[in-house]
Structure formats: structure tokens, C-alpha cells
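Just so you know, we're using my numbering here: the sequence shown kicks off at 139 and counts up by one.
Beneath this line is the structure, given in C-alpha cells, with notes to follow.
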Amino acid sequence: VGGPVMMGWETPLMRAHAEELLPAPGLRVLNVGFGLGIIDSFLQERKPALHVIVEAHPDVLAEMERRGWMAHPRVVVLRGRWQDVDLSEYQFDGIFFDTYEETYADLRQWHQQVPSLMAPRGTYSFFNGIA
139 VGGPVMMGWE TPLMRAHAEE LLPAPGLRVL NVGFGLGIID SFLQERKPAL HVIVEAHPDV
199 LAEMERRGWM AHPRVVVLRG RWQDVDLSEY QFDGIFFDTY EETYADLRQW HQQVPSLMAP
259 RGTYSFFNGI A
């Protein structure tokens with residue numbers, strides 16, 4: 139606790155993830171864990187039809203609000219941990235998972251949920267401290 143959530147050196151990696159997750163405009167994407175919003179900015183450049191962001195940390199949510207993410211067209215921000223928000227109404231073409239302070243058991247639980255959220259031929263990727 140208290141360590142860096144995301145570092146600037148991750149920028150090229152986040153760009154590459156965004157390019158793989160959204161190879162064309164008009165797709166639907168989910169990002170679990172906003173952090174500094176680096177990947178979300180790259181995802182927006184790819185013009186998704188729907189961009190869902192799950193974020194639990196109140197300071198990060200306040201910064202997202204300040205930067206206009208809550209009012210961005212085609213962006214839905216779900217406040218809370220992924221374990222506590224309802225994603226059942228969505229199907230995604232791309233899913234990215236990059237949370238903070240999760241355990242291997244949490245990651246395993248998340249991976250069991252991914253197939254029910256993924257559209258046919260969708261792409262999934264993740265990045266975190268235990269990856």
C-alpha cells in the first residue's frame with residue numbers, strides 16, 4: 139500500500155495493448171483499473187463504440203471526474219471493485235485488466251469470469267504485479 143499505481147515507463151506497453159485490443163474503430167472495450175488512464179487515452183484514440191472502465195479508488199475516481207472521463211461520450215465508468223460491479227449486460231471485443239493489490243486468487247477468480255464477458259473472437263490482456 140502506498141506504492142506507485144502506474145509508472146510513465148508503461149506508456150509504450152499500454153499503447154501496444156490498446157492496438158491489440160481494438161484493431162478497428164467501433165468495437166467495445168472494458169478496462170478494469172484506470173490508474174493514470176494511459177491505456178484509456180490510447181483506447182479512445184481507437185474510437186470504440188463503447189468504453190467501460192471499472193475503478194474503485196476514490197482518489198482515482200476524483201481525478202477521472204476532474205479530467206472529464208465521466209462525461210465523455212461512449213464512456214461508462216463503473217465505480218467499485220470488479221468483484222462488486224455488474225458487468226453481466228455487456229459483451230466486449232477487448233478486455234484489459236490492470237488492478238492494484240490483487241492476489242493470485244483474485245486474478246484466478248477474474249479469469250473465470252472473462253469468457254462470459256468476451257464477444258466471439260475478442261481479445262483479452264492483463265498487466266499487474268503478479269503477471
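Every residue, glycine too, gets a C-beta built ideally from N, C-alpha and C.
When the Cα of residue 105 is compared with those of 246, 237, 262, which residue comes out closest?
Outside the displayed span of the chain (139 to 269) sits residue 105, for which this structure offers no information.
Using CA coordinates, which residue listed in 159, 254, 172 is at the minimum distance from residue 186?
159
Residue 140 classed as buried or exposed, judged by whether at least 16 other C-beta atoms fall within 10 angstroms:
In this prediction, residue 140 scores a pLDDT of 49, lower than 50, which makes its location untrustworthy; the coordinate-derived value is nonetheless stated afterwards. Exposed: under 16 other Cβ atoms inside 10 Å.
Quick check on residue 155: does DSSP put it in helix, strand or coil?
helix
Assuming the contact rule is C-beta atoms closer than 8 Å, residue 191 and residue 223 should be a hit. Round their C-beta distance to whole Å, please.
About 10 Å; that fails the 8 Å criterion.
For residue 201, which three-state DSSP category applies?
helix
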